[in-house]
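**Q** Following the working numbering, the numbering of the sequence shown begins with 1 at its first residue and continues without gaps.
Ideal placement from N, C-alpha and C gives every residue a C-beta, glycine not left out.
The structure is given below, and queries will be raised subsequently.
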Amino acid sequence: MRIVPIPPPHLSPFPAPPHALLCTLLLTLLVVPTAGARVLSIEVDRRVPILEGRPFEGGISYELIEGRVRFGFDPENPANTRVSDLAFAPRSPEALVEAWSEFVALQPIDPAQRSGTALVDVPNRGRRLILNTMNRVQTDFMGTATLDPEAETDWGDGFLMTRGLTILWVGWQADAPDFPGAMRLRVPRATEGHGDPVRGLARSDWVVDEATEHLALAAPGHAPHVAADPESPENRLTRRRGREAERQHIPRDAWRFDDARVGILTDGPFEAGWIYELVYLAEAPPLVGLGFAAFRDFAAYAENDPDCPFPVERSIAHGLSQSGRFLRHFLYEGFNLDEAGRRVFDAMMIQIGGAGRGGFNHRFSHPGRVGNPYANFFYPGDQFPFTSQKTESGNERAGLLDRARASGSMPKIFQINTGYEYWGRGASLIHMTTDGTRDVSPLDEERLYHLASAPHYSLPFPPDPRAEARPGLFLGSSLDTSSIQRALLVHLRAWLEDAVDPPPSTIPTIVEGTLVEPSALDYPMASLTGPRSPHVAYRIDYGPRWTQGIIDHQPPRRGEAFAIRVPQVDSLGSEATGIRALELRVPIGTYTPWALRLGKPGGSDEMAGYIGSFLPLALRPETRREGDRRPSLSMLYPTRDAYETSVVNEIDALVEAGWILPRDRAHVFTAAIARWNWITVPGLD
């Protein structure tokens, strides 16, 4: 048995596994040397049946495989040349750039029950979210992410295990948080030819809602770019009152770096209601762009290496939120060809990524940060091109998928966005010109779907009484799109595996008058005030070396804004277009995909991140609040039987249209009855 060597320290900002643990594993590890290419070795720490081998629905028993994978990338191979700073990476004796990560695989124990299709899920900040969204696993995003093969709650209702999918994860994010079960990629750091670390400017910013004396340089929990020289004259701190407001310089003697140089301190403190921004000298940037190559090569290994312990024939990449933006950026950079020139992913399901990419491939990048309506300002992510087809911006003419199309590596693509992404991530730019005057059709190889009025993520139902920010207005939406997402995954698999065309794209459009400027919306409640604006995507000047992945202008120079459009609303104020979930078809209230920062010391008229809002209907006409033009619940449904009849009819329509699966009828119906029972409780009105 060959034990895989522990990677050298320069590959990771985190501690390597303790030697004592390795000694313990000597008797139990299955180590698989690879037969070629760029996965150098696989080290299996654990291989066990899930739920002691009890079958999931459909009679398929699964196993869990966990371990570590070591990569070697050829810096001269054309497949890798777009990795920023690759020329500054240390090389192994074999002239490779090495990295390693954790991996997890789930597959049917019986090879005869394996479908041959892998669902390769991109971890989100080190977490495996597809089990939450598809299997309806209830976990705390801020908690641990270990998988217990004996705990039924870790596997939800087993939806992903019903048709023999192999499910794979591998760490790609070099700065991902460190917690039990996290998945991170350990990469080398950029050094000059004489071995000194590369230096340059990094930037951090913070929206301070509560006064504090300490601000961390990194996004919460993430690994920071450490300050290289606390006394450098290039270290500059400013503050401003709003996103586009003028910056005020803070004297250098009013703040300092902490002892570890991973945060800043003040005797002040930092005051609530301000946006603080630090530009500082940093050094030794990790090669975060290797995340694209690692994700690619792990899937290619499963598809092509005969010694792989989780072999597959084809792969679907899945990404959610940050991970969805990762896949858009992956395709833009042309990473869907491996070092042998083979197409890797046959299909992609890109969820709630909006029009963004991210800080996934430049020097001193922050993969954990992305521009939101009122957080993380002007970081890379909103770059032209946005559409798959070629469009124009100034003197540029390009499409997001130009490299994939030119190389013949185009996968089949679903891009799925909720209403929040139209407000909070510029999703209209995916299918219109940058000036907002014309629609742009998707490619034949892709479908675009809009989940009407849904937030970026849903909160549990019923709403928490403490979330009632104003009378009749709850911050946070429980609109549930999990059944629609599951149905769309089935459609994507059928398109890939059986050549069955999926439903056509379902999005708002300019030509039909359903994709409009925010000022065109007419909400039927006088008390409902929309945000100052949706998220604004700007033309940003990062400096003359931006095409090399280097930001010279810190902070970046802001130019004109791209046009932003949002979906039109119906008579209740919910979005009228796209795939409308049962909550919109048989409503008990209004669902907006946005919420305001109500009660905050600054930016209270700006959008809050990720959550929507919910405004329940009055029970009777006479109990409607002043300015509420919506019908009451009793006007829509004179009796509970009338409500249930509407629920059953609309569920039938959703199943017939292919937006929910027959197996999810009971789930959707039960949730609808819970909504009725909640809103008709005496005293709620």
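1) Assign A672 to one of two classes, buried (16 or more other C-beta atoms within 10 Å of its C-beta) or exposed (fewer than that).
2) Please return the same chain residues whose Cβ sits closer than 8 Å to the Cβ of D346, not counting the five positions on each side in sequence.
3) Below 8 Å on the Cβ atoms is my guess for L582 versus I651; work out the distance and round it to an integer in Å.
4) Does the beta-carbon of D85 have 16 or more other beta-carbons within 10 angstroms, so that it is buried, or is it exposed?
5) Does the beta-carbon distance from T138 to T162 come in below 9 Å?
6) Could you tell me the alpha carbon to alpha carbon distance between Q548 and H362, rounded to whole angstroms?
7) Taking the runs of the beta strand (DSSP E) that are 3 residues or longer, which of them lie wholly in the segment 419–496?
8) Relative to the C-alpha of M83, which candidate in A202, A190, S41, G195 has its C-alpha closest?
9) Determine whether the beta carbon atoms of G59 and I109 lie at a separation below 9 Å.
10) Starting from E644, trace the alpha helix (DSSP H) in both directions and tell me its first and last residue.
11) Where does V586 sit, in a helix, a strand or coil, going by DSSP?
12) On the DSSP bridge list, what partners appear for K412?
13) I'd like to check one pair, H222 with G368: are the Cβ atoms closer than 9 Å?
14) Is the number of C-beta pairs between the segment 317–337 and the segment 204–214 that are closer than 8 Å three or more?
15) Looking at C-alpha atoms only, which residue of A95, V122, H214, T509 is the closest neighbour of P75?
16) By how many angstroms is the C-alpha of Y280 removed from the C-alpha of R738?
17) With DSSP run on the structure shown, which of helix, strand or coil describes D267?
18) For Y379 versus G358, is the C-beta spacing smaller than 9 Å?
19) Which residues in the same chain have their Cβ closer than 8 Å to the Cβ of E560, if we skip the five residues on either side of it in sequence?
20) Determine which residues share a DSSP beta bridge with H249 and list them.
21) By DSSP, does S12 sit in helix, in strand, or in coil?
22) For the beta strand (DSSP E) containing R203, name the first residue and the last one.
23) Below 8 Å, is the gap between the Cβ of A520 and the nearest heavy atom of the ligand MN?
24) Let's see if you can read the secondary structure: which residues bound the alpha helix (DSSP H) around T212?
25) Within the continuous alpha helix (DSSP H) that includes F103, where are the two ends?
26) Pull up the DSSP beta-bridge partners for E277, would you.
27) Let me make sure I understand the geometry here. Which of L119, R203, P504, V681 has the alpha-carbon closest to that of Y276?
28) What would DSSP say about D664, mapped onto helix, strand or coil?
29) For the segment 244–262 against the segment 217–234, are there 3 or more C-beta pairs whose distance is under 8 Å?
30) Return the first residue and the last residue of the alpha helix (DSSP H) that L147 is part of.
31) Would you say the segment 173–186 touches the segment 242–254, given that touching needs at least three Cβ pairs under 8 Å?
32) I'd like to confirm the pairing. Which residues does DSSP put opposite F56 in its beta bridges?
33) Between the C-alpha atoms of T28 and R47, what's the straight-line distance to the nearest angstrom?
34) Is the number of C-beta pairs between the segment 280–294 and the segment 180–200 that are closer than 8 Å three or more?
35) Which one of L451, P149, L168 has the shortest CA to CA distance from V122?
36) By a C-beta neighbour count over all protein chains shown, 10 Å radius and 16 as the cutoff for buried, is A618 buried or exposed?
**A** Considering the structure as presented:
1) buried
2) R314, S315, I316, P411, K412, L496
3) 7 Å
4) buried
5) A quick correction: the sequence has Gln, not Thr, at residue 138. Not in contact: Q138 and T162 (Cβ atoms no closer than 9 Å).
6) 8 Å
7) 446–451, 468–470, 473–475
8) The sequence shown places Val at residue 83, not Met. Selected option, being the one with the closest Cα: A190.
9) no
10) 640–657
11) coil
12) A347
13) yes
14) no
15) A95
16) Any answer about residue 738 is impossible in this case: the structure gives the chain only from 1 up to 685.
17) strand
18) yes
19) Y538, R539
20) T238
21) Unreliable placement is indicated for S12, whose pLDDT of 40 sits below 50; no coordinate value is reported for it.
22) 199–208
23) For the ligand MN, the structure offers nothing, since it holds no ligand at all.
24) Here T212 belongs to no alpha helix (DSSP H); instead the beta strand (DSSP E) covers 212–216.
25) Unbroken run through F103 is the beta strand (DSSP E), 97–108; no alpha helix (DSSP H).
26) D205, T238
27) R203
28) helix
29) yes
30) Neither: L147 is in no alpha helix (DSSP H) and is coded neither H nor E.
31) no
32) I60
33) A caution first: T28 carries a pLDDT of 41, below 50, which makes its placement in the model unreliable, though a value can still be read off. Looking at the two C-alpha atoms, the distance is approximately 10 Å.
34) yes
35) L168
36) buried
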